[in-house]
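K.L.:
Residue numbers (the working numbering): 39 to 367.
We put the CB at the ideal spot given by N, CA and C, even for glycine.
For clarity, every value in this text was computed on a predicted model and none was experimentally measured.
What follows is a structure written as structure tokens; I'll ask about it next.
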């Protein structure tokens, strides 16, 4: 209830506090470039928006919903399916009807599908590990839909290998040459005399989009073996049994969700991915966690109120609690 009350007070200020003093110091809300919400609404399970996004942002989305609705939650290992860690909502205080309703509000269809569904109006707001892809932009244009997107947290794009691989560091150039097929043996980069097995994610996955646009940046890779599972856990499953393999993943997914023992990250250009090197921007591949809604969204809706609050830093405490690095300009 404390979060809901504070949110109402903040939104009242958004709606009623004009900017008549032209010399007043600009706040983060002023520089977000967004129209302010036209209503102030206390969040309930009934009016909460349908929220979806990347596999790696599921803990943040769950934590956000629980904090808004006053539902207890905690990090726990999910032994049922993937042996990963996630934030579990404590449903014991909810009726069966409200449990079922909340499950319909908290979706997890992956990055690409969440963008497609947002464009199609099948969800209300998404939180993703990347912005809209090239294919998704084409689809949105075909549908005559525009999205509003803003960064809310920082992450990193990291390369992972089996823990038994002696290689600890690669240069950015070596990574490119490995994935272009120009470096083919681990001994060329200080490792064992064994063939390098590069793996790639499925097309339009968040990781694959980042690999193609951020790391390879215009280079056309050979057709490497695509991981068969269309989920973010797939590189970990593959590399667990392949000491000669290499793949990529978001830092947050590695450090907070999988927490692996048999897989390790390699440093790039001598810089290890870590919260400090991501925060100060010294790690080579910094990425942004984004929140998006349709541009034609009702500005009085709870979805837009949530989007605005995320975009303007109001929920930075929850983002920080999730383990992400809060975005700041």
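Please name the residue in 119, 209, 156, 250 whose C-alpha comes closest to that of residue 183.
P.N.:
Closest by alpha carbon: 156.
K.L.:
Which partner residues does residue 236 have in the DSSP bridge list?
P.N.:
DSSP output for residue 236 lists 284 as bridge partner(s).
K.L.:
Taking buried to mean at least 16 other C-beta atoms within 10 Å of its own C-beta, is residue 179 buried or exposed?
P.N.:
It is exposed - the Cβ of residue 179 has fewer than 16 other Cβ atoms within 10 Å.
K.L.:
DSSP three-state call for residue 277: helix, strand or coil?
P.N.:
Note: residue 277 maps to helix in three-state DSSP.
K.L.:
Restricting to runs no shorter than 3 residues, where is the beta strand (DSSP E) found entirely within the stretch 110-170?
P.N.:
Fully enclosed beta strand (DSSP E) runs of 3 or longer: 111-116, 122-127, 163-166.
K.L.:
Per the DSSP calculation, residue 303 is bridged to which residue(s)?
P.N.:
Residue 303 is bridged to 198.
K.L.:
Can the beta-carbon of residue 185 be found less than 8 Å from the beta-carbon of residue 170?
P.N.:
In this structure, residue 170 lies closer than 8 Å to residue 185 by Cβ.
K.L.:
Using a 10 Å radius around the Cβ and a threshold of 16 neighbouring Cβ atoms, would you call residue 243 buried or exposed?
P.N.:
It counts as buried.
K.L.:
Determine the extent of the alpha helix (DSSP H) in which residue 358 is found, giving its start and end residues.
P.N.:
Residues 354-360.
K.L.:
Within a Cβ cutoff of 7 Å, which residues of the same chain sit near residue 210, ignoring the five residues on either side of it in sequence?
P.N.:
So the qualifying residues of the chain are 306, 307, 322.
K.L.:
Within 10 angstroms of the Cβ of residue 291, are there 16 or more other Cβ atoms? Answer buried if so, exposed if not.
P.N.:
Burial call: buried.
K.L.:
Apart from the five residues just before and just after residue 147, which ones in its own chain have a Cβ nearer than 7 Å to its Cβ?
P.N.:
Cβ within range, chain order: 90, 155.
K.L.:
What number of angstroms, rounded off, separates the C-alpha of residue 231 from the C-alpha of residue 165?
P.N.:
Looking at the two C-alpha atoms, the distance is approximately 42 Å.
K.L.:
Under 8 Å, do residue 296 and residue 122 count as touching if we go by C-beta distance?
P.N.:
It is a contact, given that the beta carbons lie within the stated cut-off.
K.L.:
Using DSSP's beta-bridge definition, name the partner residues of residue 91.
P.N.:
165.
K.L.:
So is residue 283 buried or exposed if we call it buried at 16+ other beta carbons inside 10 Å?
P.N.:
Buried, since its Cβ has 16 or more Cβ neighbours within 10 Å.
K.L.:
For the beta strand (DSSP E) containing residue 326, list its first residue and its last residue.
P.N.:
Note, residue 326: beta strand (DSSP E), 324-332.
K.L.:
Please determine if the stretch 351-362 and the stretch 210-224 are in contact, where contact requires at least 3 C-beta pairs separated by less than 8 Å.
P.N.:
No, the stretch 351-362 does not touch the stretch 210-224.
K.L.:
Cα-Cα, which of 108, 126, 319 is closest to residue 115?
P.N.:
The shortest C-alpha separation from residue 115 is found at 126.
K.L.:
Restricting to Cα atoms, I'd like to know which of 132, 245, 333, 311 is closest to residue 71.
P.N.:
Of 132, 245, 333, 311, the residue nearest in Cα terms is 333.
K.L.:
Is the beta carbon of residue 28 sitting closer than 8 Å to the one on residue 94?
P.N.:
Summary: the structure shown does not reach residue 28, with the chain confined to residues 39 through 367, and so no result is reported for it.
K.L.:
Tell me residue 207's beta-bridge partners as DSSP assigns them.
P.N.:
Answer by DSSP bridge pairing, in chain order: 305.
K.L.:
Do residue 276 and residue 201 come within 8 Å of each other at the CB atom, strictly closer than that value?
P.N.:
No, they are not a contact pair.
K.L.:
Cβ atoms of residue 191 and residue 364: under 8 Å apart, would you say?
P.N.:
Contact flag set, yes.
K.L.:
Quick one: Cα of residue 249 to Cα of residue 145, how far?
P.N.:
So the alpha carbons of these two residues sit roughly 25 Å apart.
K.L.:
What did DSSP end up calling residue 264 once you bin it into helix, strand or coil?
P.N.:
Strand.
K.L.:
Under 8 Å Cβ to Cβ from residue 205, same chain only, skipping five residues before and after it: list those, please.
P.N.:
Excluding positions up to five away in sequence, the list reads 199, 224, 227, 228, 229, 304.
K.L.:
Let me check understanding here. Comparing Cα to Cα, which of 264, 129, 329 lies closest to residue 285?
P.N.:
The candidate whose alpha carbon is nearest that of residue 285 is 264.
K.L.:
Using only the alpha-carbon positions, how far apart do residue 237 and residue 280 sit?
P.N.:
Going by the C-alpha atoms only, they are around 11 Å apart.
K.L.:
Below 8 Å on the Cβ atoms is my contact criterion, and I expect residue 359 with residue 101 to pass it. Report the Cβ-Cβ distance as a whole number of Å.
P.N.:
Indeed they touch by this definition, with Cβ atoms about 6 Å apart.
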